[in-house]
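Per our numbering, the very first residue in the sequence shown carries number 466; after that it's consecutive.
C-beta: ideal position from N, C-alpha, C; glycine also.
Please read these numbers as outputs of a predicted model, since none were measured by experiment.
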Amino acid sequence: MASTGPTGRISIARLPPSGRADLAMTRTISDKPTGALVAALVEYEEQRRLAIRREDTPAANRLYDKTVPILKELVLREPEGRDALEALLQHSSAFVRLSAAAKVLGWAPNKAIPVLGRLYTEDLKPAYTPAESGSVRLTAKGLLYRHFGIRSFNPNHLIEPLKAYGIDWPYRPHFDR
466 MASTGPTGRI SIARLPPSGR ADLAMTRTIS DKPTGALVAA LVEYEEQRRL AIRREDTPAA
526 NRLYDKTVPI LKELVLREPE GRDALEALLQ HSSAFVRLSA AAKVLGWAPN KAIPVLGRLY
586 TEDLKPAYTP AESGSVRLTA KGLLYRHFGI RSFNPNHLIE PLKAYGIDWP YRPHFDR
């Protein structure tokens with residue numbers, strides 16, 4: 466896809482991994498309908514999951530970079546974009562739930578924390594490989610640590626904060642040595 470921009474230069478919109486032109490993100494991301502942004506986010510997160518499964522870190526990082534402007538735009542679209550992100554907290558993909566929860570944490574922590582807590586504490590196998598589940602769990606843990614102001618690597622420090630949101634996280638004595 467090529468077009469002439471205001472400077473007369475040709476700009477090329479990259480196609481997403483699916484090859485679908487309707488999901489292509491250009492500089493005019495704000496012109497895209499919310500539904501198209503949500504569809505693109507879900508598509509990029511699925512492709513990123515597959516890149517992590519293949520242990521293709523550069524591809525996973527490129528796909529993550531594509532989700533950033535989509536998430537930012539959805540946050541700016543009050544209330545429609547934020548409602549869409551909150552709806553994604555129930556998505557079947559742990560990667561989509563994680564991306565949505567990371568943003569929803571900013572305005573509705575009571576909705577995001579239970580999702581992050583479950584992503585961190587629940588076993589994601591057999592649906593996800595160890596690399597995939599490790600990526601989700603590590604990111605969820607980091608978001609929870611930052612939100613609760615925990616400045617240690619001891620997961621036992623999450624027990625009480627998560628308990629307040631109905632998430633049981635068992636005590637692990639080997640972290641307190």
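{"Item": "Indicate the three-state DSSP secondary structure (helix, strand or coil) for Arg-542 in the structure shown.", "Value": "coil"}
{"Item": "For Asn-575 and Asn-621, I'd like the C-alpha separation in whole angstroms.", "Value": "21 Å"}
{"Item": "Going by DSSP, what residue range makes up the alpha helix (DSSP H) through Glu-510?", "Value": "499 to 518"}
{"Item": "Any contact between the segment 630 to 641 and the segment 596 to 603? By contact I mean 3 or more CB pairs, one from each, below 8 Å.", "Value": "no"}
{"Item": "If you reduce the DSSP assignment to three classes, tell me which class Tyr-630 lands in.", "Value": "coil"}
{"Item": "Below 8 Å, how does it come out for the segment 577 to 588 and the segment 602 to 611: are there three or more Cβ pairs, yes or no?", "Value": "yes"}
{"Item": "Under 8 Å: do the segment 524 to 532 and the segment 540 to 549 share three or more Cβ pairs, one atom per stretch?", "Value": "no"}
{"Item": "So, are the CB atoms of Ser-558 and Glu-520 less than 9 Å apart?", "Value": "no"}
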